[in-house]
Amino acid sequence: PTLWCKCISLLCCYGTGLQLKGDFTIYGMFPLHNADQTISAAPCMPDCKQGTDNKHGFHLVQALRYAVKEINNSTGKEKLLPGITLGYQTYDTCSLRASVLATVDLLSQPYNRVDVEPRAAALIGPDSSDYAFTPAAALGAFLLPQISYEASNEMLSNKMLYPAFFRTIPSDKNQVDAMIQILLRFNWTWIALLGSDNSYGQQGMLSLSQQASDYDICIAYQAVIPTLKSGTQQQMRDMVRNIIKTKVNTIVVFSSKRIANGFFPFVIEQNITDKVWIGTEDWSMATLVSGIPGISTIGTVLGVSVQYAPFSGFQDFENQAVSELRDISAVNSSSDMVVPCLQNTDLYTMATKRYSLENYDITSSFNVYKAVYAVAHALRQVLKCDSGQCEKTEVQAGQVSIFISLKRVRFTVRNTSVYFDKNGDPATGYDIVTWTWKGKAWSFRVVGAFSPDPPYLQVDLSQIQWTADDSDGTNVPESRCSPECPYGYRQLQVGQHKCCFECMACPASTFLNKTGSTSCQSCAQGQWSPAESEACLNRTVLYLPWDAPLSLALLVLLALTLLLTLGTAALFLRNLTTPVVKSAGGRTCLLMLLSLTAASCSTLCHFGTPSQPACLLKQSLFLFSFTVCLACVTVRSFQVVCIFKWSSKLPRFYETWAKNRGPEMFILVTSVVEFLISVLHVALYTPFPSENHDLYYDSIVLECSNDLSPGAFVEILFVSLLSILCFCLSYVGKDLPANYNEAKCITFSLMICIISWISFFTVQSINRGTVTMALEVAAVLCSVLGILGGYFLPKVYIMLVKSQMNTTAHFQNCIQMYTMTKQ
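Numbered per mature numbering (1 follows the signal peptide of the UniProt record, and there is no 0), the sequence shown spans residues -19 to -1, 1 to 804.
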């Protein structure tokens, strides 16, 4: 305990250029040296001065001094804290132990340093997330504000654990988002992920690996980079070999600059070239990494960097401060500079060395500058300085008040808006930078920017040089496990990584017009596609349009059929009392011709797009009309057979048939039966316009539904049976007198009908296209023309050409000759 207290009480010493007294003290933790990280048995401060100088930390201290001096020396309306001076007390956090002991010393100030008025305003720093956890937890218990300028671990945003933690550098959550957007922008889906062996690297790796899976980015290899020691060198060599084995071209290195400095020499040793390295803000701009000999050969480095802001005046201040410190160091002897404390760091000694101020230093220094100004603005609110004079407040009340005010500050400094969100994080984005080389001289170039809310990445490809011969940034390296599938092919995963796949062709009726999909999209109902398609085509709509050449030909045939039918009807009506017309059936012939006209007109329902009336009439009208016609022909054949053959054998039957109007009743009953069948068909299996998508993959058939329903089958069956009966009666009368013998003609007519419909149904069974629709119209017209040609045309011929045969004497002579032949 005695040693511990001694370490604390002697931790910070005045007279080293790291302190300034004031009404309120801003504490700072800066890495002025890099000390050995080996664990010590005694819990005491290491000798930081024995470590290597950290010029970056030197610049950070100067930024603190510059901001404090600027605030203290401001005048007039620009005076932030009238009547109040700010002081500072800085610690050299050269190691984790130094950070812990500095935290304890800070908290013990009111009890051990009675010579200093206890007005602690805030802590600025430290630079590392690992170093920040301890002070963030400890100071949070007292609500003493802590503002870090480089600690970016997103765990520090947890207000339950670290309530008083703020920062002027974006959280690693935003950095991970930026890296994900870079990978997506360049379509790098097969990557290696390395992280430093500390909370910064491990938390970053965890966040990035979780988000990568959400964006279909596969991590082929993932490893933790250890701190460089003699025992970890082989481990690093193995890591580099594993990267080579995975054949990735993009490696994300989420590491601190110190650990990255120990890793990249092994990359150079293995002669890895032409890779893309994506770096975090901690090492992508650090000369500690870019200064490694031979690192220019590793490939392209794309880095995430805190947005650069011009920091005018800082360079001049630092030059003046260094000059003053050198003068003080020259005047005082080395013995005068000895201060009896364990942390014997002083700025005087460091000022004797020439440290160049680089852009990376300026960016971090500006973060320190903003942090100091944030504390000053919070103090201005607490001390109520708007009246022109500040009201001094007790320390205990001041710390909590400063914390509360710090959450509400919003101001602009150097054209940069500064405020903190509910997690204490700044609402700033990142620059995207790339390394450039002129010989061995390193520099960087800003090639884009990332905005976190909402996530948006902008990159200027022309500013990136991927290879030596790439002048316009077009030769973007690929980093994929499998080549991208072309349109029309889906991905079939091979192995555990979704980025490794085979390309499978999309089957017919599906398409794929994008890459990266594991399933093909089905075409819409009205579309089709062949295999391997990237788009669907509209299906051809099949129907019988009115203006198609085939339709016009059929319409001409229909017109001729109607003219022939109507002409025959007119001729028969004119010769209604002649023997030829009487032998053909008399007035029954007019009914036959009327039914044939109706049957012909039913073909009009086949043209154009189907409609409900057309579907109702198309089949039923034809079958009913044709049934009436066949019934008349059947009655005609039956009467002739009865007169010449069955009247003597069945005299009473024929007498009853003739007296009770048998012919008319047969035609009526037959027609009514067919009509009832048609009505039941329409009622039970109502035809309606439909689109048949199942017949052809590339076509849609517009048709009437239920055209092959049981009702339609019964209709057709009834007509078929009537046709057979008609044919049989005609055949029985084949040896009747010539003027009454229509057996051959009726047989011919029925054969035409049968052949027409057999042809139609045969074609329909294998094809349902436009040709089949036309064939159905042709079958109807052939059936009509068959009856006209077989039954009526011979009579027309006699009436027009052989008028001498159209006499009663001629018919009596034929009957007499038939009787003599029979005897």
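Each residue gets a CB set at the ideal place from its N, CA and C atoms; glycine is no exception.
Note that the structure is predicted; figures quoted are calculated from it, not measured.
Roughly how many angstroms separate the alpha carbons of residue i and residue j, rounded to a whole number?
{"i": "G692", "j": "L781", "result": "44 angstroms"}
{"i": "Q362", "j": "V394", "result": "17 angstroms"}
{"i": "L597", "j": "V663", "result": "7 angstroms"}
{"i": "I735", "j": "E513", "result": "46 angstroms"}
{"i": "E131", "j": "Y354", "result": "16 angstroms"}
{"i": "T149", "j": "M485", "result": "50 angstroms"}
{"i": "S138", "j": "N404", "result": "5 angstroms"}
{"i": "D412", "j": "A159", "result": "10 angstroms"}
{"i": "D219", "j": "A145", "result": "42 angstroms"}
{"i": "T608", "j": "T651", "result": "7 angstroms"}
{"i": "P670", "j": "D528", "result": "20 angstroms"}
{"i": "residue 860", "j": "A44", "result": "No answer is possible for residue 860: it lies beyond the span of the chain, which begins at -19 and ends at 804."}
{"i": "S271", "j": "S265", "result": "8 angstroms"}
{"i": "N519", "j": "V758", "result": "28 angstroms"}
{"i": "A300", "j": "L41", "result": "It is Asn, not Ala, that sits at residue 300 in the sequence shown. If I take the Cα positions, the gap works out to 14 angstroms."}
{"i": "L706", "j": "Q593", "result": "34 angstroms"}
{"i": "L731", "j": "L665", "result": "30 angstroms"}
{"i": "I779", "j": "V561", "result": "8 angstroms"}
{"i": "T56", "j": "A117", "result": "34 angstroms"}
{"i": "T546", "j": "L769", "result": "7 angstroms"}
{"i": "G589", "j": "Y677", "result": "20 angstroms"}
Please classify residue i: does DSSP put it in a helix, a strand, or coil?
{"i": "Q600", "result": "helix"}
{"i": "S314", "result": "At S314 the pLDDT is 46, less than 50, meaning the model places this residue with poor confidence and gives no usable figure here."}
{"i": "F123", "result": "coil"}
{"i": "D73", "result": "strand"}
{"i": "P644", "result": "helix"}
{"i": "S55", "result": "coil"}
{"i": "T521", "result": "strand"}
{"i": "N673", "result": "strand"}
{"i": "P321", "result": "Annotation note: pLDDT 45 at P321 (below 50); position unreliable, no value reported."}
{"i": "F588", "result": "coil"}
{"i": "V457", "result": "coil"}
{"i": "S299", "result": "Checking the sequence, you will find Glu at residue 299 rather than Ser. Here E299 sits in helix by DSSP."}
{"i": "S737", "result": "helix"}
{"i": "C726", "result": "helix"}
{"i": "Y92", "result": "Only weak support is given to the placement of Y92: the predicted model assigns it a pLDDT of 46, under 50, and the question is left unresolved by the model."}
In terms of DSSP beta bridges, what is residue i paired with?
{"i": "G507", "result": "None; G507 has no bridge partner."}
{"i": "E483", "result": "L473"}
{"i": "Q216", "result": "In the DSSP output, where bridge partners are listed per residue, Q216 has none listed."}
{"i": "Y400", "result": "R391"}
{"i": "C199", "result": "W171"}
{"i": "S424", "result": "T417"}
{"i": "G9", "result": "T71, I105"}
{"i": "A204", "result": "L175"}
{"i": "V287", "result": "Y411"}
Could you check where the alpha helix (DSSP H) with residue i kicks off and where it finishes?
{"i": "Y411", "result": "No alpha helix (DSSP H) holds Y411; the beta strand (DSSP E) holding it covers 411 to 419."}
{"i": "R555", "result": "530 to 555"}
{"i": "R100", "result": "Neither: R100 is in no alpha helix (DSSP H) and is coded neither H nor E."}
{"i": "T578", "result": "568 to 582"}
{"i": "F147", "result": "Where F147 is concerned, there is no enclosing alpha helix (DSSP H), although the beta strand (DSSP E) it sits in stretches over 146 to 148."}
{"i": "S764", "result": "751 to 768"}
{"i": "Q514", "result": "A small correction: the amino acid at residue 514 is Ser; Gln does not occupy that position in the sequence shown. S514 -> no alpha helix (DSSP H), and no H or E assigned at all."}
{"i": "V777", "result": "774 to 781"}
{"i": "F245", "result": "238 to 250"}
{"i": "residue 815", "result": "The chain is shown only over -19 to 804; residue 815 falls outside these bounds and no answer can be derived."}
{"i": "P560", "result": "560 to 565"}
Could you check where the beta strand (DSSP E) with residue i kicks off and where it finishes?
{"i": "Q439", "result": "436 to 440"}
{"i": "F699", "result": "Taken as a continuous stretch (DSSP letters only), F699 belongs to no beta strand (DSSP E), being part of the alpha helix (DSSP H) at 691 to 713."}
{"i": "K256", "result": "256 to 260"}
{"i": "I276", "result": "It is not in any beta strand (DSSP E) - I276 carries neither H nor E in the DSSP assignment."}
{"i": "R391", "result": "391 to 394"}
{"i": "F235", "result": "231 to 235"}
{"i": "Y684", "result": "Looking at the sequence itself, residue 684 is Glu, so the reference to Tyr does not match. Residues 680 to 685."}
Thinking residue i and residue j are a contact (beta carbons under 8 angstroms), I'd like their distance in whole angstroms, please.
{"i": "Y72", "j": "A79", "result": "7 angstroms"}
{"i": "R426", "j": "W171", "result": "Contact flag wrong, Cβ pair sits at about 26 angstroms."}
{"i": "T231", "j": "V257", "result": "5 angstroms"}
{"i": "E655", "j": "L604", "result": "7 angstroms"}
{"i": "I105", "j": "A352", "result": "5 angstroms"}
{"i": "D298", "j": "I343", "result": "Inspection of the sequence shows that residue 298 is occupied by Phe rather than by Asp. No, F298 and I343 are not in contact; Cβ-Cβ is about 12 angstroms, not under 8 angstroms."}
{"i": "G243", "j": "L269", "result": "The Cβ separation is near 10 angstroms, so there is no contact."}
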